[in-house]
Amino acid sequence: MKKIFYLPILLFFVLSNITYAQDSNFYIGVSAGYASPGGTSMEGVEPGIDLGFAHLGYRFTENWGVVANLNSSGHLIEDVDDVAVGVAYIGVGPMYSLLIGDNMSLDIKPQIALNMTAGYTYDSEFVDDLSFTGMGYVLGNSLVFGTDQGFAFSINIDYLMGTWTELEILGETMKIDDDNEISQLKVGVGLRYNF
């Protein structure tokens, strides 16, 4: 039964690769924007700055490819001046690109947020005795202006959702319950170089 289910999916990918095959397209980029936190674990956390340190994409065909991203965001805690929290993750997943115009595309990039981590700082020093780790998912979208080789500009809207699974405090790691959801809506701009 599983083979019957997977056969149409495999056939779709093979046919789409044959139909739209053209030169491979690789890009590397960076981004910056606004991150609005949500979820039970982020109560009392203010909106902050989102930074995408490395965005890598490789397109197998005109439409299909893969992406890997290193993102982090920094947030202040409400009513506390000297404590902040940073949330970082590595996102990996497929990419589907829709050509909208001659030089514009929409990249749809669902990802798994691997190694999702939250670390706290106090007076600009990392509080190494308190951190959270977990896993999540990212629904990523980029409107890209510039599909040719060279520099391109993008408008990014990403939604991160996940759960913290471990807490490390004073060197001790412990499992935590499922009621520690995190979500973030991130809106920003990016600069990439298409090879």
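With my numbering, letter number 107 in the sequence shown gets 1422, and the count goes up by one each step, no holes. All C-beta atoms in this analysis are idealised placements derived from N, C-alpha and C, irrespective of residue type, glycine included. Note that the structure is a prediction, hence the values are computed from the model and not measured.
- Within a 10 Å sphere around the beta-carbon of residue 1404 sit 16 or more other beta-carbons, which makes this residue buried.
- Within the model, the alpha-carbon separation for residue 1407 versus residue 1382 is close to 6 Å.
- Between the segment 1463-1470 and the segment 1428-1435, the count of C-beta pairs closer than 8 Å stays below three; the two stretches do not touch.
- Shown here, residue 1488 sits in a strand according to DSSP, grouped into three states.
- Around the Cβ of residue 1400, a 10 Å sphere holds 16 or more other Cβ atoms; the residue is buried.
- Residue 1365 places its beta carbon less than 8 Å from that of residue 1503.
- Cβ neighbours of residue 1473 within its own chain (closer than 6 Å, five residues either side excluded): 1453, 1455, 1501.
- For residue 1343, the pairing in a beta bridge is given by DSSP as 1371, 1508.
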